[in-house]
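First comes the structure, then the notes that go with it.
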Amino acid sequence: MQHAIEHNHSKHAADSHDHGHHDQESMKVLGFWIFLVTDCLLFGTLFATYIVLKGHVDGGPTGKELFEIPGFVAETFILLTSSFTSGLAVLAMNKGKVNQLIGWLIVTAVLGASFVGLEINEFVNMVHEGATISTSAFLTAFFTLVGTHGLHVSVGLIWMIGLMVQLKMRGITSVTRRKITVISLYWHFLDVVWIFLFTIVYLMGVM
Amino acid sequence: MYASIKSFASSFFVTGDPLIYGADVSIVLTSIAVLFVLFYFKKWGWLWREWLTTVDHKKIGIMYLFASLLMLFRGGVDALLMRTQLALPNVQFLQADHYNAVFTTHGTIMILFMAMPMMFGLFNMVVPLQIGARDVAYPFLNSVSFWLFFFGAMLFNLSFVIGGSPDAGWLSYPPLSEMSGSPGVGENFYIWGIQISGIGSLATGINFIVTILKMRAPGMKFMKMPMFTWSVFSSSIIIIFAFPILTVTLALLFIDRYMGGHLFTMDGGGFPMMYINLIWMWGHPEVYIVVLPAFGIFSEIVATFSRKRIFGYKSMVFALLSISILSFFTWVHHFFTMGSGADVNVAFAIATMAIGIPTGAKVFNWLFTMFRGRIRLEQPMMWTLAFIPCFVVGGATGVMLAVAPADYQYHNSYFLIAHFHQVLIGGVVFGYLAGIYYWWPKLFGFKLNERLGKYAFWLWNIGFYVCFMPQYALGFMGMTRRVYTYGWDMGWGPLNLVSTIGAFLMGIGFVFQVWQILYSVKYGERDTTGDPWNARTLEWSIPSPPPMYNFAVVPVVDERDSFWEDKERRDFAPAPPVPVSKLESIHMPKNSGVPIIFAACWFIAGFGFVFDWKWMAFSGLAGVGISLLVRSFTYDTDYYVPLEEVIETEKAAGRAV
C-alpha cells in the first residue's frame with residue numbers, strides 16, 4: 001500500500017506542476033459561480049421587498065401610470081442582444097481570434113451603455129413627473145430594485161473595458177480566457193435578472 | 001473661525017460623559033504608544049511585509065484571532081457597564097441614552113465583530129492544514145476579507161468617540177432606526193460598519209466552500225473529511241445564502257435614511273415588519289453560522305482526548321447539513337408576537353423544534369465517543385465537557401421559547417436573554433475557546449499554561465451560571481430586556497445583584513486568559529513534536545508552527561483520521577524523514593498591498609456616507625474602483641518557493657534527509 005501511495009503521490013506532483021495554473025483558473029470560475037448564487041439571493045431579496053411593497057403607493061402614482069411600454073421593451077431588446085453578442089465574443093475567443101473577440105466585446109459594451117442610458121432617461125422622466133424615490137414605499141422599492149440592476153450593468157461596463165485593454169496587451173492566455181469567461185457569465189446573469197424585472201416589475205406593472 | 005471649529009467639534013466628537021473622556025484619553029495614549037514602538041524599533045517595514053500585506057492563511061487567522069479578542073474585550077466592557085447599571089435598583093451610573101448605546105454596541109460587537117472573526121480565525125488557522133492544502137482557494141481574497149472586517153469593525157467602534165454610537169438595538173429595528181427615530185449618525189455607523197465587514201464575510205464563505213471542494217489532499221473523499229472541515233463547509237453554505245440578505249436589508253435601511261425612502265417608515269406606505277422579517281432571515285441562520293464550527297471543534301477535541309474515533313460520523317455530517325437547511329425556516333420565531341396568525345406561527349415553531357433533533361443527535365454522539373474512551377482532561381477537553389450540560393440547558397429553554405403560545409409570555413423578557421446567552425456563550429464562546437486552546441500550539445509552537453487556564457476555566461464557568469441562571473427567574477418575574485433601571489418595589493434587586501457578580505467573575509476569567517497568553521509566550525511548554533495532543537488529523541503531521549507552505553509533500557489520504565491510522569501502523573514511532581529527492585519547488589501566492597488599501601478606501605467611503613460628506617464618500621468609492629482595476633491589471637501574482645529553501649526548511653525541522 002505504501003507503494004501505491006508513493007505512486008499516487010508522484011503522479012499528483014506531476015499533475016500539479018503541469019496543470020497548476022490551469023487548476024487555479026478553473027477554480028476561480030467555480031468561485032464566480034458561487035458568487036452568482038449570492039448575487040441571485042441579493043436580487044431575490046430585492047424582488048421580495050418589491051413584491052411586498054408593490055401596492056403601497058400611498059396615494060402616489062402606480063406602475064401602470066408610470067411605466068412607458070416602448071421604453072422598457074427597447075431596454076429589453078437591447079440587453080438581450082448584448083447577451084447574444086457577449087456569447088459571440090466567447091465563441092471568437094474559443095477560435096483564438098483576439099481582434100474579433102475585442103470587436104464583439106465593444107458591441108456588447110455599446111449595447112450595455114445604451115441600455116444604461118435608456119434606464120437613466122426613464123428614471124429622469126419619472127422624477128420629472130414627480131415620482132421620486134421618496135414618494136412612496138412602492139417607488140423606493142422600484143428604484144432600488146431596478147437601480148441595483150442598472151448599477152450591476154454599469155460596473156460590468158467598466159470591468160469589460162478594463163478586460164479589453166488587457167486583451168490588447170496580452171492576447172488570449174489562460175488568465176484572460178478565464179476573465180472573459182467570468183464576465184460573460186456575469187453578463188448573461190444580468191440578462192436573466194432583467195427577464196424577471198421585465199416580467200414582474202414592468203409587464204405585471206402595466207397589466 | 002474658533003467658534004465654528006468649536007461648534008463642529010462639539011457635534012463631531014462625543015462630549016459630556018466622563019467615561020467617554022476616559023476612553024478618549026486611553027485611545028490617544030494607546031495609539032501614541034503603538035506608533036512610538038513602531039518608530040523606535042523601526043518595525044514599519046516588518047509590519048508591512050510580514051502582516052499587513054500577507055496572504056498566508058495562518059497569519060490572517062492569527063490577525064483575526066487577536067482582533068476578535070480585542071473586540072471581546074470591548075464587548076465585555078459593554079456587558080460589565082450594563083451589569084453595573086443593573087446591579088441595584090435606581091442606579092445612576094449610566095444615563096438612559098448611554099445605556100441604549102451600550103446594549104446596542106454590546107450585541108453588535110459580540111456577534112459580528114467578536115464571534116464572526118474568531119470563527120474566521122479558526123477557519124483560517126485550521127482548515128487548509130486539516131485538508132492537506134498549502135493555502136486557501138483564493139489567498140488574495142482572503143486578505144481582502146480580513147481587511148474589510150478590520151476596517152468595518154474600526155468604523156463601527158469609532159462611533160463611540162466620534163459622532164455618537166448607534167442606540168436602536170443590535171438589529172436596529174425601524175421605525176426607531178429611521179431618521180424620524182434616530183436622526184444622529186449612530187445608525188449610519190451601524191449600517192456601514194456591518195456592511196463593509198459583511199462583504200468580507202460573504203467572500204470568506206465563498207473562499208472556504210471552494211477550498212474544501214477543490215483543495216483537499218488526494219484521496220480525501222467527502223466522507224473522509226475531518227468533522228471540523230465538515231462544520232466549516234456547512235457554515236460556509238449558510239453564509240453564502242444568508243449574508244446577501246443582510247447586505248440588502250442594511251442597504252434598504254440606508255436608502256430610507258439617506259435618500260428619504262419609505263420602505264420601513266411609518267409614513268409613505270412603509271412597512272417596518274418587512275425589515276424585521278428580512279433581518280431575521282439573515283439573523284437566525286447567523287446563529288447557526290457561528291455555532292456549527294463550534295460543534296466541529298468539539299467533535300475534533302472529543303475524539304482526540306478520548307483516544308477514539310468520533311462516534312456516528314455519518315450522522316454527524318447529516319446533522320450538520322440538516323441544521324444548515326433547517327436554519328433558514330425558523331426566522332419567525334423571533335417575533336411570534338407579530339401576530340402573523342396561528343398557522344404561520346405553528347409552522348415556524350415546529351421547524352424550530354425540529355432543529356433540536358439533529359442537535360440532540362450530536363450531543364449523544366459526543367457522549368458515546370467519550371463512552372469507554374481514555375479521557376484526558378486537558379484544557380480543550382475541559383471546555384468541551386463544560387459545554388455539553390450548558391448547551392443542553394440552553395437548548396431546552398430554546399424549545400420552551402419555540403412554543404409559540406408560551407412565547408407570548410417569554411418574549412423580550414430576561415428569560416430570552418438568559419437563553420441566548422446560554423447557547424451563545426456555552427456553545428459558541430466555549431467552543432471557540434476550546435478550539436483556541438487546542439490549535440494554539442499548532443500556530444504558535446507552545447501550549448497555553450495549564451494552571452492559569454484552569455483558573456480562567458472555573459471563573460468563566462462559575463461566573464456563567466451565577467450570571468445567567470438568575471436571569472431566567474428575572475424573566476419570569478417580569479423583567480424585560482433593555483430596561484436601564486428599575487425600582488425597589490419590583491423585587492428584582494437581589495437576583496440582579498447576583499447576576500452582576502457572575503458577570504464580573506467571567507470578566508476576571510478573561511483577564512486570567514490574557515495573563516495566560518502573555519505568561520505562556522515566555523514560559524509556555526514548547527511543542528517540538530508538531531503533535532502535542534496525540535491527535536488524529538493532518539494538521540498535526542507537520543511542525544508547529546508550520547512552514548509557510550504547510551506541506552512540503554502533499555499528503556495522500558486513504559481513510560478517515562488517516563494521520564492517526566498512520567501513527568498506529570508504525571506503533572507511534574516518529575514519522576520517518578522524507579528523502580530530499582521527493583521535495584520540489586512550491587507554487588505560492590505573492591503578498592499584496594492592495595487588500596488593505598482597498599479596505600481602507602471602503603472605510604473612507606463609509607465614513608463619508610456616515611457624515612454625508614459627499615466629497616469623501618465618492619473619493620473613497622473611487623479608491624475602491626481603482627484598487628480593483630489595479631488588481632485586475634496585475635498578472636505577476638505568484639511565485640515558486642525555490643527547492644533549496646524547501647530543503648533547508650525541511651532539514652532544519654528534521655523532516656528531510
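Going line by line, the protein sequences match chains A and B. If you're matching positions, the first sequence starts at 1 in the UniProt record's numbering and goes up one per residue. If you're matching positions, the second sequence starts at 1 in the UniProt record's numbering and goes up one per residue. Every residue gets a Cβ at the ideal spot worked out from N, C-alpha and C, and that includes glycine.
Practice problem: Taking all protein chains shown into account, decide if Gln95 of chain B is buried (16 or more other Cβ within 10 angstroms of its Cβ) or exposed. | Solution: Within the second sequence, residue 95 of chain B is the residue found at index 95, counting from 1. It is exposed - the Cβ of Gln95 of chain B has fewer than 16 other Cβ atoms within 10 Å.
Quiz item: Which residues does DSSP pair with Ala656 of chain B in a beta bridge?
Solution: What you label residue 656 of chain B is simply residue 656 of the second sequence in a count that begins at 1. Partner residues in the beta bridge of Ala656 of chain B, as assigned by DSSP, are B:Val578.
Quiz item: In whole angstroms, what is the alpha-carbon distance linking Trp192 of chain B and Ala605 of chain B?
Solution: Looking up residue 192 of chain B in the second sequence gives position 192. Looking up residue 605 of chain B in the second sequence gives position 605. Whole-angstrom Cα-Cα distance: 9 Å.
Quiz item: So, is Thr204 of chain B buried or exposed, given that buried needs 16 or more other C-beta atoms within 10 angstroms?
Solution: Counting from 1 along the second sequence, the entry for residue 204 of chain B is found at position 204. Residue environment analysis places Thr204 of chain B among the buried positions, since at least 16 neighbouring C-beta atoms fall within 10 angstroms of its C-beta.
Self-check item: Between the CA atoms of Gln195 of chain B and Phe140 of chain B - distance to the nearest angstrom
Solution: Within the second sequence, residue 140 of chain B is the residue found at index 140, counting from 1. Within the second sequence, residue 195 of chain B is the residue found at index 195, counting from 1. Taking the CA atoms as reference points, Phe140 of chain B sits about 20 Å from Gln195 of chain B.
Quiz item: Nearest-angstrom Cα distance between Gly107 of chain B and Tyr432 of chain B?
Solution: Locating residue 107 of chain B in the second sequence gives position 107, counting from the first residue. Locating residue 432 of chain B in the second sequence gives position 432, counting from the first residue. So the two alpha carbons sit approximately 18 Å from each other.
Exercise. Would you check if there are 3 or more beta carbon pairs closer than 8 Å linking the stretch 171–182 of chain A to the stretch 87–102 of chain A?
Key: At 8 Å Cβ cutoff, the stretches touch.
Exercise. May I ask you to report which of helix, strand or coil DSSP gives Phe329 of chain B?
Key: Here residue 329 of chain B corresponds to residue number 329 of the second sequence, with the count starting at 1. If DSSP states are grouped into helix, strand and coil, Phe329 of chain B belongs with the helices.
Exercise. Please report how far the alpha carbon of Ile359 of chain B lies from the alpha carbon of Leu202 of chain B, in whole angstroms.
Key: Within the second sequence, the letter at position 359 stands for residue 359 of chain B. Within the second sequence, the letter at position 202 stands for residue 202 of chain B. In the sequence on display, residue 359 of chain B carries Thr and not Ile. A direct Cα-to-Cα measurement between Thr359 of chain B and Leu202 of chain B gives close to 25 Å.
Quiz prompt | Pro139 of chain B (DSSP reduced to helix, strand or coil) | solution = In the second sequence, counting from the first residue as 1, residue 139 of chain B sits at position 139. Three-state DSSP puts Pro139 of chain B in a helix.
Exercise. Report the partner residues of Phe446 of chain B according to the DSSP bridge assignment.
Key: In the second sequence, residue 446 of chain B corresponds to position 446, counting from 1. When beta bridges are read from the DSSP output, Phe446 of chain B appears opposite B:Arg526.
Self-check item: Straight-line gap, Ser26 of chain B to Gly205 of chain A (C-alpha atoms, nearest Å)
Solution: Working through the second sequence from its first residue, we reach residue 26 of chain B at position 26. Working through the first sequence from its first residue, we reach residue 205 of chain A at position 205. About 58 Å.
Quiz item: Whole beta strand (DSSP E) runs in the stretch 14–43 of chain B with 3 or more residues, listed along the chain?
Solution: Whole beta strand (DSSP E) segments, 3+ residues: zero.
Quiz item: Looking at the structure shown, is Pro61 of chain A part of a helix, part of a strand, or coil, going by DSSP?
Solution: Along the first sequence, one-based indexing puts residue 61 of chain A at 61. Pro61 of chain A sits in coil when the DSSP states are folded into three classes, being neither helix nor strand.
Quiz item: In chain order, what residues of the same chain lie with their CB nearer than 7 Å to the CB of Ile69 of chain A, ignoring the 5 residues before and after it?
Solution: Here residue 69 of chain A corresponds to residue number 69 of the first sequence, with the count starting at 1. If we look at Ile69 of chain A and ignore the five residues flanking it on each side, its Cβ neighbours are Val206.
Practice problem: Output the boundary residues of the alpha helix (DSSP H) element that contains Asp407 of chain B. | Solution: By 1-based counting over the second sequence, the position of residue 407 of chain B is 407. Counting along the chain, the alpha helix (DSSP H) containing Asp407 of chain B begins and ends at 404–410.
Practice problem: Output, in sequence order along the chain, the residues in the stretch 122–139 of chain A whose CB is closer than 9 Å to any CB in chain B. | Solution: Of all residues in the stretch 122–139 of chain A, Thr132, Ile133, Ser134, Thr135, Ser136, Ala137, Phe138, Leu139 have a Cβ within less than 9 Å of some Cβ in chain B.
Quiz item: Based on Cα-Cα distance, which residue from B:Leu70, B:Arg451, B:Ile289, B:Gly269 lies nearest to Leu139 of chain A?
Solution: One-based indexing of the first sequence puts residue 139 of chain A at position 139. Of the listed residues, the one whose Cα sits closest to Leu139 of chain A is B:Gly269.
Quiz item: Is DSSP giving His152 of chain A helix, strand or coil here?
Solution: The residue labelled residue 152 of chain A in the question sits at position 152 within the first sequence. Here His152 of chain A sits in helix by DSSP.
Practice problem: Below 7 Å between beta carbons is the criterion; list the residues of the stretch 262–289 of chain B that meet it against any residue of chain A, in chain order. | Solution: For the stretch 262–289 of chain B, which is checked against every Cβ of chain A, the residues closer than 7 Å are His262, Leu263, Gly268, Gly269, Gly270, Phe271, Met274, Leu278.
Exercise. Going by CA-CA distance only, name the one from B:Thr229, B:Phe146, B:Val429, B:Val641 that's closest to Ile62 of chain B.
Key: As a first step, residue 62 of chain B is located in the second sequence; it is residue number 62 there, counting from the start. Minimum Cα distance to Ile62 of chain B is reached at B:Phe146.
Quiz prompt | Identity of the residues DSSP links to His587 of chain B by a beta bridge | solution = The residue given as residue 587 of chain B occupies position 587 in the second sequence. Per DSSP, the beta-bridge partners of His587 of chain B are B:Tyr640.
Quiz item: Gln379 of chain B: which of B:Met215, B:Leu443, B:Trp492, B:Phe305 sits nearest, CA to CA?
Solution: Indexing the second sequence from 1 puts residue 379 of chain B at position 379. If we check each option's Cα against that of Gln379 of chain B, B:Phe305 comes out closest.
Quiz prompt | Between the CA atoms of Pro175 of chain B and Phe551 of chain B - distance to the nearest angstrom | solution = Sequence index remark: in the second sequence, residue 551 of chain B carries index 551 (1-based). Sequence index remark: in the second sequence, residue 175 of chain B carries index 175 (1-based). Taking the straight line joining both Cα atoms gives about 54 Å.
Practice problem: Mind checking which residues open and close the alpha helix (DSSP H) that includes Gln85 of chain B? | Solution: On the second sequence, position 85 is the one that residue 85 of chain B refers to. Element bounds for Gln85 of chain B: 57–86.
Practice problem: Count the other C-beta atoms from every protein chain shown that fall within 10 angstroms of the C-beta of Ala386 of chain B, then say buried if there are 16 or more, exposed otherwise. | Solution: Translated into the one-based positions of the second sequence, residue 386 of chain B becomes position 386. Buried: at least 16 other Cβ atoms inside 10 Å.
Self-check item: Contacting residues, own chain, Cβ-Cβ under 6 Å from Phe149 of chain B (five flanking each side not counted)
Solution: The count along the second sequence starts at 1 and reaches residue 149 of chain B at position 149. Pro117, Ser197, Gly200, listed in sequence order.
Quiz item: Quick one: is Gly260 of chain B near chain A, going by C-beta distance under 7 Å?
Solution: In the second sequence, the residue the question calls residue 260 of chain B occupies position 260. Taking Cβ atoms only, chain A reaches closer than 7 Å to Gly260 of chain B, which makes this a yes.
Self-check item: Nearest candidate by alpha-carbon position, reference Ile109 of chain B, set B:Tyr138, B:Ala418, B:Ala67, B:Asp17
Solution: On the second sequence, position 109 is the one that residue 109 of chain B refers to. Residue B:Ala67 is the option with its Cα nearest to Ile109 of chain B.
Quiz item: Does Leu79 of chain A get closer than 7 Å to chain B when you measure Cβ to Cβ?
Solution: As a first step, residue 79 of chain A must be located in the first sequence, where it is residue number 79. Judged by the 7 Å Cβ criterion, Leu79 of chain A is not in contact with chain B.
Quiz item: Who are Ser413 of chain B's beta bridge partners in DSSP?
Solution: Start at 1 with the first residue of the second sequence, and residue 413 of chain B comes out as number 413. For Ser413 of chain B, which the question treats as bridged, DSSP gives the partners B:Thr480.
Practice problem: Could you tell me which chain B residues have their CB closer than 7 Å to the CB of Met164 of chain A, listed as they occur along the chain? | Solution: Position 164 of the first sequence, counted from the start, is the residue given in the question as residue 164 of chain A. In chain B, no part has a C-beta under 7 Å from the C-beta of Met164 of chain A; the shortest such distance is about 12 Å.
Quiz item: If the cut is a Cβ gap below 7 Å, which residues of chain B does Gly31 of chain A touch?
Solution: The residue labelled residue 31 of chain A in the question sits at position 31 within the first sequence. Residues of chain B whose Cβ lies closer than 7 Å to the Cβ of Gly31 of chain A are, in chain order, Ala137, Tyr138, Ile206, Val210.
Exercise. For Phe247 of chain B, return the contacting residues in chain A, with the cut-off set at a CB-CB distance below 7 Å.
Key: For the purposes of this step, residue 247 of chain B is identified with residue 247 of the second sequence, where counting begins at 1. The sequence shown places Thr at residue 247 of chain B, rather than the Phe named in the question. For Thr247 of chain B, the neighbours in chain A by C-beta distance under 7 Å run, in chain order, Leu42.
Quiz prompt | Beta carbon proximity, Ile5 of chain A to chain B, threshold 7 Å | solution = If you number the first sequence from 1, residue 5 of chain A lands on position 5. In this prediction, Ile5 of chain A has a pLDDT of 41, which is less than 50 and means its spatial position is unreliable; nothing more can be read from the coordinates.
Exercise. Using a cut-off of 7 Å between C-beta atoms, extract the partners of Met56 of chain A located in chain B.
Key: Numbered from its first residue, the first sequence carries residue 56 of chain A at position 56. As written in the sequence, residue 56 of chain A is His, which differs from the Met given in the question. Within 7 Å Cβ-Cβ: Gly269, Phe271.
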